[in-house]
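Here's the structure we're looking at; comments come further down.
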Amino acid sequence: MSQTENLLVAPDVLSRVLSRGRATGAEFSEVFVEDKRSTSASLDDGKVEQVSSGRDRGAGIRVIKGDTTGFAHTSDLSEKGLLAAAEAAAAAASQGGGGVNAVALGAVVRHPVNTVQKWPDEVAKRDKVALLQRVNIAARGVHKAIVQVSAGYGDSRKRILIANSDGVLAADEQVRTLMRISVVASGDGGMQTGFQSLAHVRAHETKHQGQRAS
29 MSQTENLLVA PDVLSRVLSR GRATGAEFSE VFVEDKRSTS ASLDDGKVEQ
79 VSSGRDRGAG IRVIKGDTTG FAHTSDLSEK GLLAAAEAAA AAASQGGGGV
129 NAVALGAVVR HPVNTVQKWP DEVAKRDKVA LLQRVNIAAR GVHKAIVQVS
179 AGYGDSRKRI LIANSDGVLA ADEQVRTLMR ISVVASGDGG MQTGFQSLAH
229 VRAHETKHQG QRAS
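Right, dumping it as structure tokens:
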């Protein structure tokens, strides 16, 4: 895979958008693009209460001319949508001037923090629900006094792209995974509760998490 493969917006499109942002004589223009996919699921007393997923994507364009900064946002990541946002940001930063400022972007900069073997949005929802059910079984298996188990799962995958008129082109992908579980035990001492949450969870860790909450 090349450095520019899998980018949210192609480098040549970014160059034209940045140039459009500086067309009124601005000294600096910048594009920030984000695409986030998320999933959440919850289980209570062995029953699935909720499973949902969503996607948020858009771009923000900033243009600076002198002491004035113009900003515009769009959910349209096509070249037409980005150019329109760049024009709006440029208009907000300046009412006069003109010209064309070509922008040459450098190589893509990536700083991966961790290695992801499988992205969470590539895992079927039924598998995420099955994970909650395994946690439920693990928690209840700790002791017969456990009378109630509630568990929740959430994940997100965020892709980010930043480019500016100084030639910077940077990309990043951020993954967040969260598992939470609460249990209620009933015995001679009355009702007792336990809670455990874990971020960046791996599937083989969740069973132990259910046991710790218990």
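Residue numbers for the sequence shown follow our numbering, beginning at 29 and rising by one. Each residue gets a CB set at the ideal place from its N, CA and C atoms; glycine is no exception. Just so it is clear, the structure is predicted and the values come from calculations on it, not from any experiment.
Original post:
Straight-line CA distance for arginine 154 to valine 79?
Top reply: Their backbone Cα atoms lie some 10 Å apart in a straight line.
Original post:
CB aspartate 149 to CB arginine 204, shorter than 8 Å?
Top reply: Not a contact, by the Cβ cut-off of 8 Å.
**OP:** Determine the DSSP secondary structure at aspartate 72, reduced to helix, strand or coil.
**Re:** strand
Original post:
What are the uninterrupted segments assigned as beta strand (DSSP E) that are 3 or more residues long and contained completely in the stretch 43 to 113, given in chain order?
Top reply: 56 to 72, 75 to 93 and 96 to 102
Original post:
So is methionine 207 buried or exposed if we call it buried at 16+ other beta carbons inside 10 Å?
Top reply: buried
Original post:
From the DSSP output, which residues share a beta bridge with serine 122?
Top reply: BP columns for serine 122 are empty, so no partner.
Original post:
In chain order, what residues of the same chain lie with their CB nearer than 8 Å to the CB of aspartate 76, ignoring the 5 residues before and after it?
Top reply: For the record, residue 76 in the displayed sequence is valine; it is not aspartate. So the qualifying residues of the chain are Ala69, Ser70, Val157 and Leu160.
**OP:** Report, in whole angstroms, the separation of the C-beta atoms of isoleucine 209 and valine 163, which I expect to be a contact under 8 Å.
**Re:** 6 Å
**OP:** Check each candidate in Val59, Asp72 and Arg48 and name the one with the smallest Cα separation from serine 178.
**Re:** Asp72
Subject >> Close beta carbons around glycine 124, own chain, < 8 Å, minus the five adjacent residues each side >> reply: Reliability of the predicted coordinates at glycine 124 is poor, the pLDDT of 48 falling under 50, and the value obtained from them is presented with this limitation in mind. Excluding residues within five positions, the ones whose Cβ falls inside 8 Å are Thr52 and Gly53.
Original post:
Comparing alpha-carbon positions, which option in Val41, Gly86 and Lys172 lies nearest serine 193?
Top reply: Put simply, of Val41, Gly86 and Lys172 the residue whose alpha carbon is nearest the alpha carbon of serine 193 is Val41.
Subject >> Host beta strand (DSSP E) of glutamate 160 (start-end) >> reply: Note on residue identity: the sequence assigns leucine, not glutamate, to residue 160. Where leucine 160 is concerned, there is no enclosing beta strand (DSSP E), although the alpha helix (DSSP H) it sits in stretches over 153 to 168.
Original post:
What's the C-alpha gap between glycine 94 and glycine 49?
Top reply: 14 Å
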